[in-house]
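Comments concern the structure below.
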Amino acid sequence: MEKKYYLSKSRYCNGLQCHKMLWLDEYKSNEKSEVNNDSVLDNGTEVGIVAKDLFGSHIDIKFNTNLQQMIDDTNKALKNKNTIITEASFIYENNFCSVDILVKNDNDFEIYEVKSSTEIKDIYVEDLTYQVYVLKSLGYQIKSANLVYINSNYIRHGNLNLKELFNIEDLTNVVNSKLSLVKDNIKNICDSLNEEEEPKIDLGMHCVTPYECPFFKYCTKKLPEKNVFKLKGLPNKNKFLLYQNNTYSYEDLLETSINKKYKQQIEFELYNKDDYIDKNEIRKFLDTLSYPLYFLDFETFQQAIPKYDGIKPYMQIPFQYFLHYIESKDSKLEHKEFLAESNIDPRRSLAESLVRDIPKDVCTLAYNMSFEKTVIKNLAYLYPDLREHLMNIHDNIKDLMIPFYHRNYYTKDMLGSYSIKYVLPALFPNEDSLNYHNLDLIHNGSEAMNAYANLGNLSEDEQMKVRNNLLKYCELDTFAMVKIWQKLQEQVETINN
Ligand code: SF4
Numbered sequence: 086m087e088k089k090y091y092l093s094k095s096r097y098c099n100g101l102q103c104h105k106m107l108w109l110d111e112y113k114s115n116e117k118s119e120v121n122n123d124s125v126l127d128n129g130t131e132v133g134i135v136a137k138d139l140f141g142s143h144i145d146i147k148f149n150t151n152l153q154q155m156i157d158d159t160n161k162a163l164k165n166k167n168t169i170i171t172e173a174s175f176i177y178e179n180n181f182c183s184v185d186i187l188v189k190n191d192n193d194f195e196i197y198e199v200k201s202s203t204e205i206k207d208i209y210v211e212d213l214t215y216q217v218y219v220l221k222s223l224g225y226q227i228k229s230a231n232l233v234y235i236n237s238n239y240i241r242h243g244n245l246n247l248k249e250l251f252n253i254e255d256l257t258n259v260v261n262s263k264l265s266l267v268k269d270n271i272k273n274i275c276d277s278l279n280e281e282e283e284p285k286i287d288l289g290m291h292c293v294t295p296y297e298c299p300f301f302k303y304c305t306k307k308l309p310e311k312n313v314f315k316l317k318g319l320p321n322k323n324k325f326l327l328y329q330n331n332t333y334s335y336e337d338l339l340e341t342s343i344n345k346k347y348k349q350q351i352e353f354e355l356y357n358k359d360d361y362i363d364k365n366e367i368r369k370f371l372d373t374l375s376y377p378l379y380f381l382d383f384e385t386f387q388q389a390i391p392k393y394d395g396i397k398p399y400m401q402i403p404f405q406y407f408l409h410y411i412e413s414k415d416s417k418l419e420h421k422e423f424l425a426e427s428n429i430d431p432r433r434s435l436a437e438s439l440v441r442d443i444p445k446d447v448c449t450l451a452y453n454m455s456f457e458k459t460v461i462k463n464l465a466y467l468y469p470d471l472r473e474h475l476m477n478i479h480d481n482i483k484d485l486m487i488p489f490y491h492r493n494y495y496t497k498d499m500l501g502s503y504s505i506k507y508v509l510p511a512l513f514p515n516e517d518s519l520n521y522h523n524l525d526l527i528h529n530g531s532e533a534m535n536a537y538a539n540l541g542n543l544s545e546d547e548q549m550k551v552r553n554n555l556l557k558y559c560e561l562d563t564f565a566m567v568k569i570w571q572k573l574q575e576q577v578e579t580i581n582n
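Sequential numbering from 86 applies to the sequence shown in the numbering used here.
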């Protein structure tokens, strides 16, 4: 007998993206890998909580693992003639949904789906259409279906202005045009879930859009280890086209007219080629640098809901930097550091510290400098009294990434990447002190961001520990730059001798 599967908004959307994804989630969930998807962020984030107040006072249906309880609570709330309900929950033939914001006026209903994104995506329309289907099937009269999403141009001044923070788009027409498809979609998804055999669905763009599929590793495990999906920088569209043409092994790819930068990656890995080092180009780059030489790295965080004045949603807010510096050729390496107090707007104190720590007219190195430059430019815009000095630092930044970006220095272990996270272990494979995995607690930028955001919730002792680890992490970032710069110098010295 056929089993009845429950669908929810997210399971319906996953099923639409790929039946196999939902099937694997049901029967082989241990094969799932971690992915960084806004599908995860969109669920129950701070944005959803804040948006509940968008239309004023409301009845909030509390989450309960017993869905029937949520449905009963909703039915009670719906007894009011005119009301606003958040997380109003419904079920129609095993299709469950909670509406983020439901506005009831007499017998008319408006549906509002809240997303933490700053743009409208096709998948959000599908999500809304599913909700309208469930409610209409239950006999509710739906006047409009709307998407609530973040207005990226909003700048906070004083109290949060929810009407300005959120954009509202009426998607009723497009939702209505898709409504007749939902029934068949649900049937197809549930039929597929009832199959004993894994669905035979091949790889394609649906593996990466609208969301990166957590089963990609599983679905590609029969491909040769070196395959087209390992090529860094090649657009996904091209990767899937090559795959669909049965040209996915490195050997086969070499027979195509693929761009020479991808050929280089393939040949280096396939034939175990020696390092490529263009010493003249490296020397030209090093000649653009001068003492005193500073190495700078920022850590930043982003807030979908701006907490401080002058901040836009998702703006990069610096809270920490580390500096290594060398005054002259024979000077020893020194360092300075800044880590803001928690639960404050860190920008002013960071900007003041930065102009104290980096003198005017010195050469400052960053790795992938556009990030550091944007952070400094934003600070200069915000603080006119510090602007001249900050812009002087900004204008004197050079990018240590250049020799790797241009592949003046390339090794097979860089795996086609010029990111410092690949370049560093490729240049220093055996140096434990340069291995981010050997750090305690904080090993990457997002862990640093989360650790800082959470500092205010910790005891004094715990805060001290986390702050020490944040400093160690940021120190490694700039120390890694120093080591890379020294490595480049060594290469050039060998042509001078
Ligand atoms: S990797 Fe692609 S084919 Fe495999 S389950 Fe995910 S979306 Fe479907």
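Where a beta carbon is used, it is the ideal one built from N, C-alpha and C, also for glycine.
Per DSSP, glutamine 405 is one residue of the beta strand (DSSP E) stretching across 402-411. Residue pairing by DSSP puts histidine 420 in a beta bridge opposite His409. At least 8 angstroms separates the beta-carbon of valine 132 from that of isoleucine 396. Apart from the 5 residues on each side of it in sequence, valine 293 sits with its Cβ closer than 7 angstroms to the Cβ of Asn321 in its chain, given in chain order.
Of all alpha-carbon atoms in Glu575, Ser93, Met566, Leu467, the one lying nearest the alpha-carbon of isoleucine 176 is that of Ser93. Taking C-beta separations shorter than 7 angstroms and ignoring five residues to either side along the sequence, the partners of threonine 168 in its chain run Ile144, Ala162, Lys189, following chain order.
CA-CA distance, methionine 155 to tyrosine 91, rounds to 15 angstroms. The beta-carbon separation of threonine 150 and alanine 173, rounded to 17 angstroms, does not stay under the 8 angstroms limit for a contact. Taking a C-beta distance under 8 angstroms as the contact criterion, leucine 355 and tyrosine 333 do not qualify as a contact pair.
Minimum Cα-Cα distance from lysine 248 among the listed residues Thr257, Lys414, Asn236 corresponds to Asn236.
Looking at the DSSP output, phenylalanine 383 shares a beta bridge with Tyr406. Within a 10 Å sphere around the beta-carbon of glycine 243 sit fewer than 16 other beta-carbons, which makes this residue exposed.
In the DSSP secondary-structure assignment, isoleucine 482 is bridged to Thr449. One Cα belongs to glutamine 226, the other to isoleucine 240, and the distance between them is close to 37 angstroms. Taking all protein chains shown into account, isoleucine 429 has fewer than 16 neighbouring C-beta atoms within 10 Å of its C-beta and is therefore exposed.
For lysine 189, the beta-bridge partners assigned by DSSP are Thr168, Phe194. Residue side-chain check: cysteine 103 places its Cβ nearer than 7 angstroms to a non-hydrogen atom of the ligand SF4.
Taking the Cα of asparagine 273 as reference, the smallest distance to any Cα among Gln102, Arg432, Tyr393, Ser544 is reached at Gln102.
The beta carbon of histidine 474 sits closer than 8 angstroms to those of Val440, Lys445, all from its chain and outside the five residues before and after it, given in chain order. The beta carbon of phenylalanine 325 sits no closer than 7 angstroms to any heavy atom of the ligand SF4. For glutamate 249, there is no enclosing beta strand (DSSP E); the enclosing alpha helix (DSSP H) has its first and last residue at 247-250. The nearest non-hydrogen atom of the ligand SF4 is less than 7 angstroms from the C-beta of isoleucine 286. Proximity of the stretch 487-494 to the stretch 349-369 meets the contact definition, three or more beta-carbon pairs being nearer than 8 angstroms. The bridge partners DSSP lists for glutamine 548 come to none. Beta-bridge analysis with DSSP links cysteine 182 to Phe175. Here DSSP, grouped into helix, strand and coil, assigns valine 199 to strand. Taking 8 angstroms as the cut-off, the Cβ atoms of leucine 500 and alanine 565 do not count as close. The beta carbon of tyrosine 335 is closer than 6 angstroms to those of Lys311, Ile351, Leu355 in its chain, skipping five residues each way along the sequence. In this structure, Phe300 is the residue among Phe300, Pro295, Tyr296, Glu280 with its C-alpha nearest to the C-alpha of aspartate 287. Taking C-beta atoms under 8 angstroms as the contact rule, phenylalanine 404 and alanine 425 qualify, at a distance of about 5 angstroms. About 14 angstroms separates the beta carbons of methionine 106 and cysteine 275, which is beyond the 8 angstroms limit, so they are not a contact pair. Just so you know, the alpha carbons of aspartate 382 and glutamate 366 end up roughly 25 angstroms apart. Membership of asparagine 261 in any beta strand (DSSP E) is not indicated; the residue belongs instead to the alpha helix (DSSP H) covering 257-279. DSSP, read as helix, strand or coil, puts tyrosine 296 in coil. Exclusion of the five residues before and after threonine 203 leaves Tyr234, Ile235, Asn236, Ser237, Pro398, Tyr399 as the residues of its chain whose Cβ lies within less than 8 angstroms of its Cβ. Given a length threshold of 4 residues, each whole run of the alpha helix (DSSP H) inside the stretch 482-535 is given here in chain order: 487-490, 505-512.
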